[in-house]
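So the sequence shown is residues 1 to 98, counted in my numbering.
Built from N, CA and C at the ideal position, the CB exists for glycine as well.
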Amino acid sequence: MMKREDFIFAIGFDGNKAIVDKRSRSRYAKLDTRSLADKGFFRAAYRSSVYESDIASADYVLEKYNDVSPVKYEKSSDLDKVFGVQPPSDDITGVRAI
C-alpha cells in the first residue's frame with residue numbers, strides 16, 4: 001500500500017507507479033487533513049481523508065471547500081469526482097517523484 005504522503009500528493013499514474021509532486025510532498029506531508037484544508041490544499045486534504053477513511057475530516061474539507069467555491073456540494077463523496085480521487089490501490093507498487 002502507498003504511504004500517506006505519496007497518496008495525498010499523487011498527481012497521476014503511469015502503469016503501476018504513482019507520479020508524486022516531490023516539492024509539495026516535502027513541504028506539506030507532515031500536515032494533517034484539517035491543516036491542509038485550512039491552507040487551501042483541498043485536493044490533498046480530501047485525498048488524506050480518503051486515505052485515512054475519515055468521514056469527519058472529509059466533511060470538514062467539504063465545508064472549507066464550499067466556503068470558497070462558487071459551486072456548493074452537498075456530500076463529501078461529491079469531491080471524489082471534483083478532485084478525481086479513488087481509494088488507494090494495492091496495485092500501485094512504486095512511486096516516481098517529480
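Beta-carbon spacing of M1, A18 below 8 Å:
Contact flag unset, no.
Quick check on F13: does DSSP put it in helix, strand or coil?
In this structure, F13 counts as strand in the three-state DSSP scheme.
For I19, name the three-state secondary structure that DSSP assigns.
In the displayed model, I19 falls within a strand according to three-state DSSP.
From which residue to which residue does the beta strand (DSSP E) around V95 run?
Taken as a continuous stretch (DSSP letters only), the beta strand (DSSP E) holding V95 covers 94 to 97.
Pick from R25, K64, D78, R27: whose alpha carbon is nearest that of G40?
Of R25, K64, D78, R27, the residue nearest in Cα terms is K64.
Pick helix, strand or coil for V117, following the three-state DSSP scheme.
This structure cannot settle anything about residue 117, because the visible part of the chain is limited to 1 through 98.
Go to E5, then tell me how far its alpha helix (DSSP H) extends in each direction, as first and last residue.
From DSSP, the alpha helix (DSSP H) with E5 extends over 4 to 8.
Could you tell me if R96 is buried or exposed, where buried requires 16 or more neighbouring beta carbons within 10 angstroms of its beta carbon?
Burial call: exposed.
Going by CA-CA distance only, name the one from K30, N16, K81 that's closest to S89.
The shortest C-alpha separation from S89 is found at N16.
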